[in-house]
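Written below as structure tokens is the structure these notes are about.
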Amino acid sequence: MRLIDTHTHLDFPDFDADRPRLLANAAARGVERMVVLGVYQDNFQRVWDLACSDARIFAALGLHPVYLDQHLPEHLVQLREWLERLHGDPRLCAVGEFGLDYYLPELDQQRQQALFEAQLQMACDFELPALLHVRRSHARVIATLKRYKPARAGIIHAFAGSYEEAREYIKLGFKLGLGGAATWPQALRLRKTLPRLPLDSAVLETDSPDMAPAMYPGVRNSPEHLPEIAEALAQVMGVECGVLAEASSRNACEIFGW
10 MRLIDTHTHL DFPDFDADRP RLLANAAARG VERMVVLGVY QDNFQRVWDL
60 ACSDARIFAA LGLHPVYLDQ HLPEHLVQLR EWLERLHGDP RLCAVGEFGL
110 DYYLPELDQQ RQQALFEAQL QMACDFELPA LLHVRRSHAR VIATLKRYKP
160 ARAGIIHAFA GSYEEAREYI KLGFKLGLGG AATWPQALRL RKTLPRLPLD
210 SAVLETDSPD MAPAMYPGVR NSPEHLPEIA EALAQVMGVE CGVLAEASSR
260 NACEIFGW
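The sequence shown runs 10 to 267 under this note's numbering.
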């Protein structure tokens, strides 16, 4: 079974003690490629160094809305400089992680929107996919995407919206990132939505070290867990695991141009 983990944070210190072992084990379990996403200016170099150290790892760079108070105006300038410098390098696969988070009330929505649109414009300018964090903000994200119409589209990370919202993203060319959340029995709405999704809309992800699946409660998440996540999601979707794995890998390759 060939798998691609489209969303990880493998540069985080959580993995410093055993990263080489983890990567080897993930590869042995069929995880052929992994995307590592930047979340603030301070980890751009760390993400890029990781992508340069292992042919299975690809980098995305972005400014995450949850770290809003850490982002300075010059960080947007520096992000554009990074994208300009790396333009055309196959190890850079996307802009991200960025988006809107309306779950945390302390995050100013107007500032988030400005940061979101600035990075979405960069994704358009450099013709890169956008890897989007969307939490309780689907309507605003969809409306913004309809205005910008990014040619390369991207992925809605950790999709947990309604079927109607999924349909809007699919019409815009976006894939839906599916991971540990839907493996939990209490995710009732999401588990009802998944069987209705077309297979060509789904990509698999772990969000390592976060979003541990139900079979690994309270454990650091890892690309090593992707086979079990795929198996659990396939059961929810009513398809064979191999069929989901093949479709999700094909969809990821389409988005990233692999």
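C-beta: ideal position from N, C-alpha, C; glycine also.
{"Asked": "Report back the beta-carbon spacing between A196 and P159 to the nearest angstrom; my notes put them in contact at under 8 Å.", "Found": "The pair is not a contact, with the Cβ atoms about 28 Å apart (cut-off 8 Å)."}
{"Asked": "Could you give the C-beta distance for R11 and S258, rounded to a whole number, given that I count them as a contact under 8 Å?", "Found": "5 Å"}
{"Asked": "Measure the alpha-carbon distance for L95 versus H84 and round it to whole angstroms.", "Found": "16 Å"}
{"Asked": "I need the DSSP call for M43, collapsed to helix, strand or coil.", "Found": "strand"}
{"Asked": "Check this for me: beta carbons of V40 and P232, under 8 Å apart or not?", "Found": "yes"}
{"Asked": "By Cβ distance below 7 Å, which residues in the same chain neighbour G186 in space, the five residues on each side in sequence not counted?", "Found": "T15, H16, I164, I165, H166, A167, F168, V212, E214"}
{"Asked": "Shortest alpha-carbon distance to R229 belongs to which of E255, G189, W193, L242?", "Found": "G189"}
{"Asked": "Three-state secondary structure (DSSP) at R28?", "Found": "helix"}
{"Asked": "Quick one, are the C-beta atoms of Y49 and H18 less than 8 Å apart?", "Found": "no"}
{"Asked": "How many angstroms separate the CA atom of I149 from the CA atom of A239?", "Found": "Before going further, note that residue 149 is Arg rather than Ile in the sequence given. Rounded to the nearest angstrom, the two C-alpha atoms are 30 Å apart."}
{"Asked": "Counting C-beta neighbours from all protein chains within 10 Å, is the total for L113 16 or more, i.e. buried, or is it exposed?", "Found": "exposed"}
{"Asked": "Counting Cβ pairs, one atom from each stretch, are 3 or more of them under 8 Å apart for the stretch 116 to 123 and the stretch 52 to 68?", "Found": "no"}
{"Asked": "Would you say V88 and L70 are within 8 Å of each other, going by their C-beta atoms?", "Found": "Sequence check: residue 88 is Leu here, not Val. A contact, by the Cβ cut-off of 8 Å."}
{"Asked": "So H147 is in the alpha helix (DSSP H); what residue range does that whole segment cover?", "Found": "147 to 157"}
{"Asked": "Tell me which residues share the same chain as D219 and place their Cβ nearer than 7 Å to its Cβ, disregarding the 5 neighbours each side in the sequence.", "Found": "N230"}
{"Asked": "Counting only runs that start and end within the stretch 156 to 217, where is the beta strand (DSSP E) found for 3 or more residues in a row?", "Found": "163 to 166, 184 to 187, 211 to 213"}
{"Asked": "Quick check on this structure: which residue in P226, G182, R144, V245 has the alpha carbon closest to the alpha carbon of R205?", "Found": "V245"}
{"Asked": "Cα separation between Y172 and T202?", "Found": "6 Å"}
{"Asked": "Hey, how far is the Cα of Y178 from the Cα of N260?", "Found": "14 Å"}
{"Asked": "On the CB-based measure, 16 or more other CB atoms within 10 Å of its CB, does G105 come out buried or exposed?", "Found": "buried"}
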